[in-house]
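J.: Numbering (our numbering), first residue to last: 1 to 264. Sharing a structure below in structure tokens format, with a few things to ask.
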């Protein structure tokens, strides 16, 4: 299967972009459902995605280029060819979170509450978005004889692995991890409603951010293109930092509720 899904006139439609767009649509749909579940207006959801999607794409691309600068240093024009792949989903989440924070400040909404409402949709969208890597032959691991191994074209095989045809589908593993995280967040939401615990704003988003980062840290370690002379990859450093920050924020939220100082 090639990178181009179909062509209309002189415009090529790439699988990477189509899958990513579908992931965004699903993220928005899940967020609308989640907002209605908690009896919130869907108007902020529409606004957040209008402003947040472009910012997320920019953050995802820029963060990837920074982490893989050696690959773009000599071909700077390739930076703008996002249809060839190369998006860091963690960067997209950071960009979207920034938009949510600014929107909440300007509109007077409860930031942590809306962060919670977005969490399941983000996890679901990332589970789908991982499949874009299949079309650009990214996010694969070591050679394997397992039946679910994916064929990698010779041109995409790392040096020293040219003789192998099938590799571990790391993108699939991370997709399943994110899908499981999505189900966990949905269950937590229903439990929260059942036991009337709407006051604990922020914990659902922090739970999502921690486990997404933990999964990404591991899956990055088993990618052939995620290993640099045995050192921790830059995206793994971001994951570790995110895990540390979410733990600190989680403790902070617990202390706020324990002492009665509750921020929205």
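Idealized CB from N, CA, C, for every residue including glycine.
For residue 146 and chain E, any beta-carbon pair shorter than 8 Å?
T.: Among the chains in the structure shown there is no chain E, since it carries only a single protein chain.
J.: Could you say which of 87, 104, 120 lies nearest to residue 47 if we only look at CA atoms?
T.: On the chain shown, residue 47 is found 47 positions in, with the first residue counted as 1. Of the candidates 87, 104, 120, the one whose C-alpha sits nearest the C-alpha of residue 47 is 104.
J.: Buried or exposed: residue 275, going by 16 or more other Cβ atoms within 10 Å of its Cβ?
T.: The question about residue 275 has no answer, for the chain in this structure spans 1 to 264.
J.: Please classify residue 107: is it buried, with 16 or more other beta-carbons within 10 angstroms of its beta-carbon, or exposed?
T.: Within the chain shown, residue 107 is the residue found at index 107, counting from 1. Label assigned to residue 107: exposed.
J.: Using the C-alpha atoms, what's the distance from residue 8 back to residue 90?
T.: Taking the chain shown and counting its residues from 1, the one referred to as residue 90 is at position 90. Taking the chain shown and counting its residues from 1, the one referred to as residue 8 is at position 8. Residue 90 and residue 8: Cα-Cα distance of roughly 32 Å.
J.: Any idea what DSSP makes of residue 25, helix, strand or coil?
T.: Against the chain shown, residue 25 aligns to sequence position 25. In this structure, residue 25 counts as helix in the three-state DSSP scheme.
J.: State the Cα-Cα distance for the pair residue 67 and residue 233, rounded to the nearest angstrom.
T.: By 1-based counting over the chain shown, the position of residue 67 is 67. By 1-based counting over the chain shown, the position of residue 233 is 233. Computed Cα separation, rounded: 8 Å.
J.: Inspect the CB distances between the segment 14-21 and the segment 29-46 and report whether three or more fall short of 8 Å.
T.: They do not touch, by the three-pair rule.
J.: Provide the residue span of the alpha helix (DSSP H) that contains residue 132, from first to last.
T.: Indexing the chain shown from 1 puts residue 132 at position 132. Unbroken alpha helix (DSSP H) run through residue 132: 132-135.
J.: Counting C-beta neighbours from all protein chains within 10 Å, is the total for residue 201 16 or more, i.e. buried, or is it exposed?
T.: Locating residue 201 in the chain shown gives position 201, counting from the first residue. Label assigned to residue 201: buried.
J.: Excluding sequence positions up to five away, which residues of its chain have a Cβ less than 7 Å from the Cβ of residue 30?
T.: Working through the chain shown from its first residue, we reach residue 30 at position 30. Around residue 30: 120, 121, 124.
J.: Which residues in the same chain have their Cβ closer than 8 Å to the Cβ of residue 100, if we skip the five residues on either side of it in sequence?
T.: Numbered from its first residue, the chain shown carries residue 100 at position 100. 48, 52, 111, 114, 115, 118, listed in sequence order.
J.: With DSSP as the reference, identify every bridge partner of residue 14, one or two as the case may be.
T.: The residue labelled residue 14 in the question sits at position 14 within the chain shown. 4.
J.: Could you tell me which whole alpha helix (DSSP H) segments of length 4 or greater appear in the segment 143-194?
T.: List check, alpha helix (DSSP H) in window: 170-194.
J.: What does a CB cutoff of less than 7 Å around residue 208 pick up in its chain, not counting 5 residues either side in sequence?
T.: Looking up residue 208 in the chain shown gives position 208. Cβ neighbours of residue 208 beyond the five flanking positions: 119, 122, 123, 181, 185.
J.: Considering only the alpha carbon of each residue, which of 54, 166, 242 lies closest to residue 224?
T.: As a position in the chain shown, residue 224 is number 224, starting the count at 1. Measuring from the Cα of residue 224, the nearest candidate turns out to be 166.
J.: Using 8 Å as the Cβ pair cut-off and three pairs as the minimum, do the segment 204-218 and the segment 245-252 touch?
T.: Output reads yes: the segment 245-252 touches the segment 204-218.
J.: So what's residue 75 in DSSP terms, helix, strand or just coil?
T.: Indexing the chain shown from 1 puts residue 75 at position 75. Coil.
J.: Pull up the distance between the alpha-carbon of residue 192 and that of residue 250, whole angstroms please.
T.: Residue mapping note: residue 192 aligns to position 192 of the chain shown, counting from 1. Residue mapping note: residue 250 aligns to position 250 of the chain shown, counting from 1. Cα-Cα distance, rounded: 17 Å.
J.: On the premise that residue 98 lies in contact with residue 44, defined as a C-beta separation below 8 Å, what is that separation, rounded to the nearest angstrom?
T.: Start at 1 with the first residue of the chain shown, and residue 44 comes out as number 44. Start at 1 with the first residue of the chain shown, and residue 98 comes out as number 98. Contact doesn't hold; Cβ gap of about 16 Å is too wide.
J.: Excluding five sequence neighbours on each side, which residues of the same chain lie with their C-beta closer than 7 Å to the C-beta of residue 93?
T.: By 1-based counting over the chain shown, the position of residue 93 is 93. If we look at residue 93 and ignore the five residues flanking it on each side, its Cβ neighbours are 122.
J.: Would you call residue 160 buried or exposed, if buried means 16 or more other Cβ atoms sit within 10 Å of its Cβ?
T.: Within the chain shown, numbered from 1, the residue matching residue 160 stands at position 160. Exposed, by the Cβ-count rule.
J.: To the nearest whole angstrom, what separates the beta carbons of residue 164 and residue 143, a pair I think is in contact under 8 Å?
T.: One-based indexing of the chain shown puts residue 164 at position 164. One-based indexing of the chain shown puts residue 143 at position 143. About 4 Å separates the two Cβ atoms, so the contact holds.
J.: Using a Cβ-Cβ cut-off of 7 Å (strictly less than) and excluding sequence neighbours within five positions of residue 82, which residues of its own chain qualify?
T.: As a working note, residue 82 is residue 82 in the chain shown. 61.
J.: Compute the Euclidean distance between the alpha carbons of residue 42 and residue 194, then round it to the nearest angstrom.
T.: Numbered from 1 along the chain shown, position 42 holds the residue referred to as residue 42. Numbered from 1 along the chain shown, position 194 holds the residue referred to as residue 194. Cα to Cα, residue 42 sits roughly 22 Å from residue 194.
J.: Along the alpha helix (DSSP H) that carries residue 105, what are the first and last residues, could you check?
T.: Reading the chain shown from its first residue, position 105 is the one you call residue 105. Where residue 105 is concerned, the enclosing alpha helix (DSSP H) stretches over 89-107.
J.: Does the separation of the CB atoms of residue 96 and residue 235 fall below 8 Å?
T.: Counted from its first residue, the chain shown places residue 96 at position 96. Counted from its first residue, the chain shown places residue 235 at position 235. It is not a contact, given that the beta carbons lie outside the stated cut-off.
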